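**Student:** Before I ask anything, here is the structure I am working with.
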Amino acid sequence: MEQNLDAKLQLIEETFAICRQDIDTKCDELHNAIEVLRQNLIMKLKLELKHARVKLVKRRKRADTINEIERVSSPRDSFRMEVESLLLRGKSDILVDKPCILQIKWNKIEWPKFNTLATITTEHAPYYRLKNRPINSFAPFSSTFLNVVPEKIAIDSETKYLAITDSEQAGVHIFTPDGQQTHIINHTSMKGPYGVFIARGKVYVTDIKTDFVYIFEFSGRLLKRFGGKGSTPHKLDNPTAICVQWEGGFEHIYVCDTNNDGVSIFNSNGACFRRLAYKLLNKPVDIKIDKSNIYVLHYAEKCVCVFDKKGTMIDKVCTNYGPSPVGDLVTPKCFDLDEEGNFYILDQASDSVKVFDRKGNWVHSLDNAGEFMECVSVTVAAGDLYILSRQGVNAVHKY
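Counting from 1, one number per residue, gives the positions in the sequence shown under the UniProt record's numbering.
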């Protein structure tokens, strides 16, 4: 009996020893895991600290620029020279000398289109500094899509839904106004979606690889496809932009036929009933329409050509600014107009949006102090400016 008890005690001790050994092993593993997590956390914090320091340096440089500009208090002509000198030396803040488009409010200047404030620098020189900061930015593709190449952005003026063409996935991404994706519109024959327009429950898309125009319902159902490569009236060659207007109850679809050097106008059935300025426009890349005129962005001449509704060219605006290069267009890609007739032209060479008044005078260059890069598209809707960029992660900046 006593021997059996001793044997049981010995078995218990051995079992306890084994359990203790297992516990020690698990503790060591847990300790190692905690150490790995600690090292990863330290590395992450170091990276965040590094990024924070970089941002701080940028802000300090920006503040130095602002202080340097605000210290200028010379008469008007020398003030302009001082400002242009700062700009030519690479300073990021652009100044505005068009007080007619600003609203004076309690000794401050408001530019509602950019939701910004600027202060009067000198009583004798009406130049104003604008803080070009976005009121909202979101990266709609960063967490969901790895292989996305956004090309153009369009916004439904009524619903505020966003449509972004994607040449990599050959589709059109639809987003809510706050940046939440609802669905993707695509078709088996669509290879290179580029230009886009969204209105009245339809999405219009140009395909620069197949040279077709697609008309979809908002849900994604294909309604119509027309075009195809060629130079005859019903054909297209590199259609880069599209705009739609309803005139007298009829749907008129304007397409920039870039390689054919003109604009083709189609009806809702896909029949071309007019060609605008064919062989007169050298590489038109974008088109917009208001109640009175048709505006075409001329890539080769770096300006906006203005036509009346009969197709007669009546003006060229947004040409070179003059002695100072700050307002010059180098590689204009797309543009839009606001309700007051101001032009917002995306210049890819400078990664900026250059703003001109309705007469084509340069007003301001919006570059967000270099914080967004590789701008690819711009549009204006309901007083807000939207810029699509490929800054590491694809992002939409709202001003």
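Every residue gets a Cβ at the ideal spot worked out from N, C-alpha and C, and that includes glycine. Note that the structure is a prediction, hence the values are computed from the model and not measured.
Apart from the five residues on each side of it in sequence, which residues of its chain come closer than 8 Å, Cβ to Cβ, to M190?
**Tutor:** Hits under 8 Å: A170, G171, V205, D207, T210, F212 and Y214.
**Student:** Beta-carbon within less than 7 Å of A154's beta-carbon, same chain only, minus the 5 sequence neighbours each way: which residues are those?
**Tutor:** The residues are A163, V196, F197, I198 and T379.
**Student:** Taking the beta strand (DSSP E) that P193 falls in, what are its first and last residues?
**Tutor:** That run of the beta strand (DSSP E) goes P193 to A199.
**Student:** If I follow the unbroken beta strand (DSSP E) through D308, where does it start and stop?
**Tutor:** Here the beta strand (DSSP E) through D308 covers C303 to D308.
**Student:** Could you give the distance in angstroms between the alpha-carbon of E123 and the alpha-carbon of K224?
**Tutor:** In this prediction, E123 scores a pLDDT of 33, lower than 50, which makes its location untrustworthy; the coordinate-derived value is nonetheless stated afterwards. Distance between the alpha carbons of E123 and K224: 59 Å.
**Student:** Could you pull the start and end residues of the beta strand (DSSP E) that V213 belongs to?
**Tutor:** Element bounds for V213: F212 to E217.
**Student:** What three-state label does DSSP hand I34 in the structure shown?
**Tutor:** Correct three-state label for I34: helix.
**Student:** Out of curiosity, what's the CA-to-CA distance linking C272 and L280?
**Tutor:** Roughly 18 Å separates the two Cα atoms.
**Student:** Quick one: what does DSSP say C318 is sitting in, helix, strand or coil?
**Tutor:** DSSP places C318 in coil when its eight states are reduced to three.
**Student:** In angstroms with no decimal places, state the Cα-to-Cα distance between G201 and T182.
**Tutor:** Whole-angstrom Cα-Cα distance: 14 Å.
**Student:** What is the rounded straight-line gap between the Cα of H397 and the Cα of G262?
**Tutor:** Cα to Cα, H397 sits roughly 31 Å from G262.
**Student:** Would you call the CB atoms of C318 and G360 closer than 8 Å?
**Tutor:** Contact flag set, yes.
**Student:** Within the UniProt repeat "NHL" (223-269), note down every full beta strand (DSSP E) run reaching 3 residues or more, in order along the chain.
**Tutor:** Listed in chain order, they are 239-247, 250-257 and 262-266.
**Student:** Out of curiosity, what's the CA-to-CA distance linking I314 and S292?
**Tutor:** Their Cα atoms are separated by approximately 12 Å.
**Student:** Going by beta-carbon coordinates alone, are L385 and S377 separated by less than 8 Å?
**Tutor:** No; because the gap between Cβ atoms is not below 8 Å, this pair is not in contact.
**Student:** Can you tell me which of the three DSSP states V271 falls into?
**Tutor:** The identity of residue 271 in the sequence shown is Ala, whereas the question assumes Val. In the structure shown, A271 sits in coil (DSSP, three-state: anything other than H, G, I, E or B).
**Student:** Using the beta-carbon count (16 or more within 10 Å), is S365 buried or exposed?
**Tutor:** Looking at its Cβ environment, which holds 16 or more other Cβ atoms inside 10 Å, S365 is buried.
**Student:** For A300, which option in K316, N282 and T258 has the closest C-alpha, if you only look at C-alpha atoms?
**Tutor:** If we check each option's Cα against that of A300, N282 comes out closest.
**Student:** Kindly indicate which residue of T331, I287 and V203 has the alpha-carbon position closest to the one of S219.
**Tutor:** For the residues T331, I287 and V203, the minimum Cα distance to S219 belongs to V203.
**Student:** Since K316 and C334 should fall inside the 8 Å C-beta cutoff, what is the C-beta to C-beta distance between them, to a whole number of angstroms?
**Tutor:** Not confirmed; about 18 Å, so no contact.
**Student:** Buried or exposed: C19, going by 16 or more other Cβ atoms within 10 Å of its Cβ?
**Tutor:** Label assigned to C19: exposed.
**Student:** Tell me whether T25 is buried or exposed, calling it buried when 16 or more other Cβ atoms sit within 10 Å of its Cβ.
**Tutor:** So T25 ends up on the exposed side.
**Student:** Out of L222, A277, I265 and E14, point me to the one whose CA is closest to F307's CA.
**Tutor:** Closest by alpha carbon: A277.
**Student:** Going by beta-carbon coordinates alone, are E247 and S268 separated by less than 8 Å?
**Tutor:** No.
**Student:** Report the rounded CA-to-CA distance for G227 versus H234, giving the unit in angstroms.
**Tutor:** Answer to the nearest angstrom: the Cα atoms are 6 Å apart.
**Student:** Could you tell me the distance, in whole angstroms, from the CA atom of N132 to the CA atom of T165?
**Tutor:** The predicted model places N132 with a pLDDT of 42, which falls under 50 and marks its position as unreliable; any figure quoted below should be read in that light. Cα to Cα, N132 sits roughly 26 Å from T165.
**Student:** Do V355 and V363 have their C-beta atoms closer together than 8 Å?
**Tutor:** Contact: yes.
**Student:** Measuring alpha carbon to alpha carbon, tell me which residue in C256, L329 and T232 is nearest L346.
**Tutor:** The candidate whose alpha carbon is nearest that of L346 is L329.
**Student:** Mind checking I36: buried by the 16 CB within 10 Å criterion, or exposed?
**Tutor:** Going by the sequence as given, residue 36 is Val instead of Ile. With fewer than 16 Cβ atoms within 10 Å of its Cβ, V36 is classed as exposed.
**Student:** Helix, strand or coil, according to DSSP, for E158 in the structure here?
**Tutor:** Reduced to three states, the DSSP call for E158 is coil.
**Student:** With K288 and D336 assumed to form a contact (beta carbons below 8 Å), what rounded beta-carbon distance in angstroms separates them?
**Tutor:** Between D336 and K288 the Cβ distance is about 6 Å, and since that is below 8 Å, they are a contact.
**Student:** Starting from the C-beta of H187, find all residues in its chain whose C-beta is less than 7 Å away, skip the five residues before and the five after it, and write them out in chain order.
**Tutor:** Cβ neighbours of H187 beyond the five flanking positions: Y214 and L222.
**Student:** Among the residues of its own chain, which have a CB less than 7 Å from the CB of A17, if the five just before and after it don't count?
**Tutor:** Closer than 7 Å at Cβ, skipping near neighbours: no residue.
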